[in-house]
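Participant: The following block contains the structure, expressed as structure tokens.
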Amino acid sequence: MHIDKLEKNWAGISLGIAGLFVTVILGSAFFHGIHAPSNVETIDSAKLHLSAEFAEDKLGVERNPNGSVTVRMVAGRYGFYPKDLTLPAETAITFRWVSLDVIHGVHMPMTNMSTMIVPGYVAQVSTVLHHAGDYPLLCNEYCGMGHAHMWSNIKVVSKAQWDALNTQGGANHG
Ligand code: CUA
Numbered sequence: 008m009h010i011d012k013l014e015k016n017w018a019g020i021s022l023g024i025a026g027l028f029v030t031v032i033l034g035s036a037f038f039h040g041i042h043a044p045s046n047v048e049t050i051d052s053a054k055l056h057l058s059a060e061f062a063e064d065k066l067g068v069e070r071n072p073n074g075s076v077t078v079r080m081v082a083g084r085y086g087f088y089p090k091d092l093t094l095p096a097e098t099a100i101t102f103r104w105v106s107l108d109v110i111h112g113v114h115m116p117m118t119n120m121s122t123m124i125v126p127g128y129v130a131q132v133s134t135v136l137h138h139a140g141d142y143p144l145l146c147n148e149y150c151g152m153g154h155a156h157m158w159s160n161i162k163v164v165s166k167a168q169w170d171a172l173n174t175q176g177g178a179n180h181g
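Right, dumping it as structure tokens:
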């Protein structure tokens, strides 16, 4: 089969462009740490208040012995609880989310903290927050009449500031 030289060249160029796009997408996903949440862990959403991990007094920020931080939060119509949290910058943080009713989404703008929260499952996201500041947590999955009002606050402070806050015996449970 004869293929014209010009046609061959253009086929090569268009395949090259497609290849370039795929490389850019994979490359940026890799460098920004973007990936599909892959944690599969089930929980009884109707009994969160009785669970060992997500009872009301267990929610909030926990400092782990290795210096990392675990954040446990519950999403429910229409809010994320606890409502206000302070977290350290430049620290390994693992968010663990559960829903007490329907599917919610949680998104922290300007970070890669974003996941769906499906009832019956624990959604887990590990990240490092690089910039201090006030961040809203927004629900980005339509969950009912109050969806647009479903948000909460996270304040990110420097590691030193956070350590100071947490050694004054101040419980940081929102
Ligand atoms: Cu929760 Cu929308």
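Position one of the sequence shown corresponds to residue 8 (the numbering used here), numbered consecutively onward. Glycine included, every Cβ here is placed at the ideal spot set by N, Cα and C. As the structure is a prediction and not an experimental result, all values here were calculated from the model.
According to DSSP, is histidine 138 part of a helix, a strand, or is it coil?
Facilitator: Correct three-state label for histidine 138: coil.
Participant: If the criterion is Cβ atoms closer than 9 Å, does the pair alanine 18 and isoleucine 10 meet it?
Facilitator: Yes, these two residues count as a Cβ contact at 9 Å.
Participant: Roughly how many whole angstroms lie between the Cα atoms of isoleucine 100 and leucine 13?
Facilitator: Their Cα atoms are separated by approximately 54 Å.
Participant: Please enumerate, following chain order, all residues with a beta carbon closer than 6 Å to at least one heavy atom belonging to the ligand CUA.
Facilitator: That query returns the following residues: His111, Cys146, Glu148, Tyr149, Cys150, His154, Met157.
Participant: Pairing CB atoms from the region 100-114 with CB atoms from the region 25-40, are three or more of them under 8 Å?
Facilitator: With the cut-off at 8 Å, the region 100-114 and the region 25-40 do not touch.
Participant: Could you tell me the distance, in whole angstroms, from the CA atom of valine 47 to the CA atom of serine 106?
Facilitator: Their Cα atoms are separated by approximately 14 Å.
Participant: To which residues of the same chain is aspartate 51 closer than 8 Å at the C-beta, ignoring the five residues directly before and after it?
Facilitator: So the qualifying residues of the chain are Ser58, Gly127.
Participant: Check whether the Cβ atoms of aspartate 91 and asparagine 173 sit closer than 9 Å, and answer yes or no.
Facilitator: No; because the gap between Cβ atoms is not below 9 Å, this pair is not in contact.
Participant: Give the secondary structure of phenylalanine 28 by DSSP, where H, G and I count as helix, E and B as strand, and everything else as coil.
Facilitator: In the structure shown, phenylalanine 28 sits in a helix (DSSP, three-state: H, G or I).
Participant: Just the C-alpha distance for methionine 117 and aspartate 141, rounded to the nearest angstrom, thanks.
Facilitator: Those two C-alpha atoms are separated by around 11 Å.
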